[in-house]
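Residue numbers for the sequence shown follow the numbering used here, so the first one is 1271 and each next one is one higher.
Even for Gly, the Cβ is constructed at its ideal location relative to N, Cα and C.
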Amino acid sequence: MIGVSVATAALREVPRMEEQAELARRRARRLGRPVLVSVTTRVHPRDPLALFAQGMGVTHNRLFWSRPAAGLAVAGLGAAWHVAASGPGRFATVAAAWRDLIEHACIVDDPELPFGGPMAAAGFSFDPERPASGLWDDYPDGLLLLPRLVLARSGDSASLTVNGLVGPGTSSLDLHFSAARRLQALLGRPWRAPKVGEGVVLADALPPGAWRGIVADAVADLRAGRLEKVVLAREVRARSTIPFDPAAALEALRRDYPDTFVFAVARGGRTFLGASPERLVSLTGSTVLATALAGSIARGATAAADAALGEALLASAKDRHEHAVVVERIRAALADVCAEVQAPATPTLMKLRNVQHLFTPLTGRIRADAGVLDLVARLHPTPAVGGQPREAALAWIREREQFDRGWYAAPVGWVDARGQGEFAVALRSALVGRHEASLFAGAGIVAASDPEREERETQIKLRAMLEALGVSG
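Written out as structure tokens, the structure is:
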């Protein structure tokens, strides 16, 4: 039933697709290159996660983005267009390529529909200058991926977008019928999440005690005044006799962490996914939103214990200092392109299922000719995931952390045809293969840090992905 309704809607758009394709063909002949055609139509509300799940084995390019508490979800399949970039200029490279694609595109959308028009998934590496490992081969330093099919839902409203490149001889009818047939085949199949977590073996990527030793080295440099703060991450590896199912993990994450940004980008045979509590930045109209999230403590077993832990976090000089550094750095990064950058004077608590954080929202009004990718370039990495001073902290991480973060703790999100969009910091995340997964968590280290306490903090943060993958304990 879901396949019939959505696929039928796609087929009904053939006349509009052909009309736009003819316009695109004329532009393509003039420009000497293919032109994007993007057509959005209203469909019956359905769960985009089903599309993501049932696309497994059909395409190596899939995406998912959701803010569960807001009733928002979007899934994409295939690649109508993509651009990859490397090096420190990766943000500017992909932004320029996207503007160039959109400038000549033929777009039919509806501003009242969620994600009307072309929407590209975007992801970036934490540090393009780090020593690379083969783990992240399918995830370049910068990537924009425009899916061929996008199914989006916001509350009771849903849309389907079909994207394709049209050259002088391209038939949009072929493109559109093919897309509709694929939807009908995919969404007509039932999806059942398999059992996960049986036969899983966990192992730290470093020898026992090694990570605490790195933290101790960082504390020594911090106390000597060579750094103000540095954020160190850990990698924990999981192997399972039963294949991991990324869609089942996403279902668990959006159920258990509704106030986070639940995301997935599947490339090749792996899926990078997570449930991040931290918005890096969003741009809607002229409104800019950013989040400072630094300072963490566990949840309590009872309401009284939970409140006591929260009060302890609010009273912690170490955590309040760490948080203040992040707030001021974000404020400074936004000040050049935003007017009226505002933030509360004191942080509040963000309480998630297994951890609570110090939280400060920042807002501003864009005043320069800037898009969301320009804001991402200004903000990443914040002191919440890198450190302070920025360059000194990045150099320390590059030399001492002993693994390749890849896309962990880096921007992941989406951008639309207007240059607007939303990005989260890719925390509480894992890179998941068929039988193996790498899970990541980090902690902000300052002069007052204790290595054992910081390791316990990372264990708390790892719990979200361990539970989502079906690993108990």
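- Taking a C-beta distance under 7 Å as the contact criterion, Ala1613 and Leu1583 do not qualify as a contact pair.
- In this structure Thr1630 touches Val1597 by the C-beta definition: roughly 5 Å separates them, less than 8 Å.
- Taken in chain order, the complete beta strand (DSSP E) segments of 3 residues or longer contained in the region 1369-1400 are 1376-1378, 1389-1394.
- In this chain, the alpha helix (DSSP H) harbouring Gly1483 covers 1480-1493.
- Around the beta carbon of Pro1513, fewer than 16 other beta carbons sit within 10 angstroms, so the residue counts as exposed.
- Straight across, the Cα-Cα distance linking Asp1397 with Glu1289 is about 44 Å.
- Minimum Cα-Cα distance from Ala1340 among the listed residues Arg1286, Arg1418, Gly1495, Thr1530 corresponds to Thr1530.
- Under the three-pair Cβ rule at 8 Å, the region 1534-1552 does not count as touching the region 1713-1729.
- Taken through DSSP and simplified to helix, strand or coil, Glu1498 comes out as coil.
- About 6 Å separates the Cβ atoms of Ser1708 and Ala1700, confirming a contact at the 8 Å cut-off.
- Assigned with DSSP and collapsed to three states, Glu1610 falls in strand.
- Per DSSP, reduced to three states, the secondary structure at Gly1404 is helical.
- Annotated as distal: Ala1392 and Val1702, with beta-carbon spacing of 7 Å or more.
- Taken through DSSP and simplified to helix, strand or coil, Ile1512 comes out as coil.
- Per DSSP, the unbroken beta strand (DSSP E) holding Thr1561 starts and ends at 1557-1568.
- Under the Cβ criterion (8 Å, minimum of three pairs), the region 1381-1391 counts as touching the region 1414-1426.
- Within the region 1616-1690, the alpha helix (DSSP H) runs of at least 4 residues that lie entirely inside it are, in chain order, 1642-1649, 1660-1670.
- Taking 7 Å as the cut-off, the beta carbon of Glu1505 is found closer than this to the beta carbon of Ala1475.
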